[in-house]
Amino acid sequence: MLTTKAVFNRKLDDFEPKNCVIEKVVVLTSHEYDKFSKNMLADYDFIRDNKDLQHFGENGTCHCILVVGEERDDGILVQGEGYDYARYAAFLPNASLLLAAVMEQEQSAEKKTVARGLKLKDLMSMPWEDIHLIHSDEDIDLATLCELKNDTLTDAGKKDWADILEADVHRIFTGEYGLQIEVSDVKPQRLSDFSYMLAGYCSVQDYEKWVTEKPEATLAETSSEPQPEHQKIKVLMVEPHETPYVAEIGNDLASMQKAVGGNIQAVNLASYVSLVCNEEGKLLEMEGNRSLGNDILVGNFFIAGYNDEGEFISLTEEQIEEYTQEFLTPESFTKEQIDEATGFTSISF
14 MLTTKAVFNR
24 KLDDFEPKNC
34 VIEKVVVLTS
44 HEYDKFSKNM
54 LADYDFIRDN
64 KDLQHFGENG
74 TCHCILVVGE
84 ERDDGILVQG
94 EGYDYARYAA
104 FLPNASLLLA
114 AVMEQEQSAE
124 KKTVARGLKL
134 KDLMSMPWED
144 IHLIHSDEDI
154 DLATLCELKN
164 DTLTDAGKKD
174 WADILEADVH
184 RIFTGEYGLQ
194 IEVSDVKPQR
204 LSDFSYMLAG
214 YCSVQDYEKW
224 VTEKPEATLA
234 ETSSEPQPEH
244 QKIKVLMVEP
254 HETPYVAEIG
264 NDLASMQKAV
274 GGNIQAVNLA
284 SYVSLVCNEE
294 GKLLEMEGNR
304 SLGNDILVGN
314 FFIAGYNDEG
324 EFISLTEEQI
334 EEYTQEFLTP
344 ESFTKEQIDE
354 ATGFTSISF
């Protein structure tokens, strides 16, 4: 026989559980926990002090804190929604067992992924796609690396970024941002700068100096039929705090990912017109750019045309004029405004 605790609802048709992310575990004394669990509508310092961790994210995901008590088996999930009391709360039975299992799993995973003396340059002997480099000691600004392998950097790039390549690898794991590689023995800001450089956030001169140019004819060489080289298309580029400008980018996935700094996401603005932005922009906490309906777009985005086959094409002069006017004025947003934005229907690539 197994004994536990639960909250029951009478004649419930569907629980409708929500996805949640436990951002932090708050441990109270047994007395404090008992007091809180019997009076959750009162204001508490531990809710106020962790207010920035509690919010609703994309797709209704609830970012919350888990409150547990010493010598108490159960816990309470709390999302204050900006208030100092448990505005949203959920009972979590056997929370202590869950935490113990998670800690054991993480320790086991770390043992499996850590190889003593392994450097980042050693990992680059095999190709990696859509990864994020994180620092073991400090949170840094992240950018999606579409590709990282032995020939990603030029000789000059390997020399100028030698400190990054010599970083110690702690573990490789799947986390909130997807596949993540945790490293140390490198300055956090340098690691962030390296990621953003590979994502295209640097001058054209530096990018061409450090990053190996991909041959556009590779696809044609692997096909029995002649393939056209990637042509450039004329798009309208929109960056945070800047007025829109016309740019020419390669009509291929890598060029578009470079333009937005990661995986792309397309949103139809009108017939034969798409807006292309970073699919993970909000997860990466990119800077707010422009509002679109009830949503807030973050990071760089561009507007392009498309044809009946769904292929991206250049904008017409009329379309450039129309969307330049629509997104002409730069906007500023707080993190809270971005978190509360409702989102839009998208197509991922």
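Heads up, the sequence shown is in this note's numbering, so the first residue is 14 and it goes up one at a time. Note that CB positions come from ideal geometry on N, CA and C, so glycine has one too. In this text the structure is predicted, and so the values were computed from the model without any measurement.
Helix, strand or coil for residue i, going by three-state DSSP, please let me know.
| i | result |
| --- | --- |
| residue 23 | coil |
| residue 85 | coil |
| residue 238 | Any reading at residue 238 is ruled out, since the residue's pLDDT is 41, under 50, leaving its predicted position unreliable. |
| residue 78 | strand |
| residue 180 | coil |
| residue 308 | strand |
| residue 61 | helix |
| residue 10 | Because the chain is modelled from 14 through 362, residue 10 falls outside the range shown and cannot be assessed. |
| residue 125 | Summary for residue 125: the model assigns pLDDT 46, below 50, so the residue's position carries little reliability; its value from the coordinates is reported in the next sentence. Correct three-state label for residue 125: helix. |
| residue 132 | strand |
| residue 72 | helix |
| residue 153 | coil |
| residue 261 | strand |
| residue 143 | strand |
| residue 96 | coil |
| residue 67 | coil |
| residue 233 | Bear in mind that the predicted position of residue 233 carries a pLDDT of just 40, short of 50, making it too unreliable to give a figure here. |
| residue 332 | helix |
| residue 295 | coil |
| residue 314 | strand |
| residue 55 | coil |
| residue 48 | helix |
| residue 169 | helix |
| residue 31 | coil |
| residue 113 | helix |
Can you list, in chain order, the residues of its chain whose CB lies under 6 Å from that of residue i, leaving out five sequence neighbours each side?
| i | result |
| --- | --- |
| residue 178 | 133, 134 |
| residue 81 | 40, 88, 108 |
| residue 337 | 257 |
| residue 201 | 148, 151, 153 |
| residue 38 | 79 |
| residue 32 | 74 |
| residue 283 | none |
Measure the CB-CB distance between residue i and residue j and report whether it falls below 7 Å.
| i | j | result |
| --- | --- | --- |
| residue 174 | residue 161 | no |
| residue 195 | residue 149 | yes |
| residue 66 | residue 36 | yes |
| residue 110 | residue 182 | no |
| residue 154 | residue 197 | no |
| residue 257 | residue 340 | yes |
| residue 323 | residue 312 | no |
| residue 199 | residue 219 | no |
| residue 42 | residue 83 | yes |
| residue 267 | residue 222 | no |
For residue i, which residues of its own chain have a beta-carbon under 7 Å away from its beta-carbon, when the five flanking residues on both sides are left out?
| i | result |
| --- | --- |
| residue 328 | 247, 248, 249, 316, 317, 318 |
| residue 281 | 287 |
| residue 68 | 76, 352 |
| residue 225 | 164, 165, 166, 167 |
| residue 208 | 146, 155, 156, 158 |
| residue 259 | 247, 249, 333 |
| residue 264 | 243, 244, 245, 246, 325 |
| residue 18 | 87, 106 |
| residue 310 | 290, 302, 303 |
| residue 64 | 93, 95 |
| residue 24 | none |
| residue 60 | 91, 93, 97, 98, 99 |
Tell me which residues share the same chain as residue i and place their Cβ nearer than 8 Å to its Cβ, disregarding the 5 neighbours each side in the sequence.
| i | result |
| --- | --- |
| residue 20 | 104 |
| residue 137 | 161, 162, 163, 165, 178 |
| residue 34 | 70, 74, 75, 76, 77, 189 |
| residue 29 | none |
| residue 261 | 245, 246, 247, 248 |
| residue 180 | 132, 133, 196, 197, 198, 199, 204 |
Please look up how many angstroms separate the CB atoms of residue i and residue j, rounded, as I've assumed it's under 8 Å.
| i | j | result |
| --- | --- | --- |
| residue 217 | residue 314 | In fact, because the Cβ distance is near 19 Å, the residues do not count as touching under 8 Å. |
| residue 145 | residue 193 | 5 Å |
| residue 307 | residue 354 | 7 Å |
Got a sec: is the Cβ-Cβ distance from residue i to anything in chain C below 7 Å?
| i | result |
| --- | --- |
| residue 189 | Absence of chain C from the displayed structure is noted, only one protein chain being present. |
For the segment 41 to 59 against the segment 90 to 101, are there 3 or more C-beta pairs whose distance is under 8 Å?
yes
Meets three-Cβ-pair contact criterion under 8 Å: the segment 42 to 49 and the segment 269 to 287:
The segment 269 to 287 and the segment 42 to 49 do not touch, with fewer than three beta-carbon pairs separated by less than 8 Å.
Hey, is the segment 331 to 348 in contact with the segment 291 to 302, meaning 3+ C-beta pairs nearer than 8 Å?
yes
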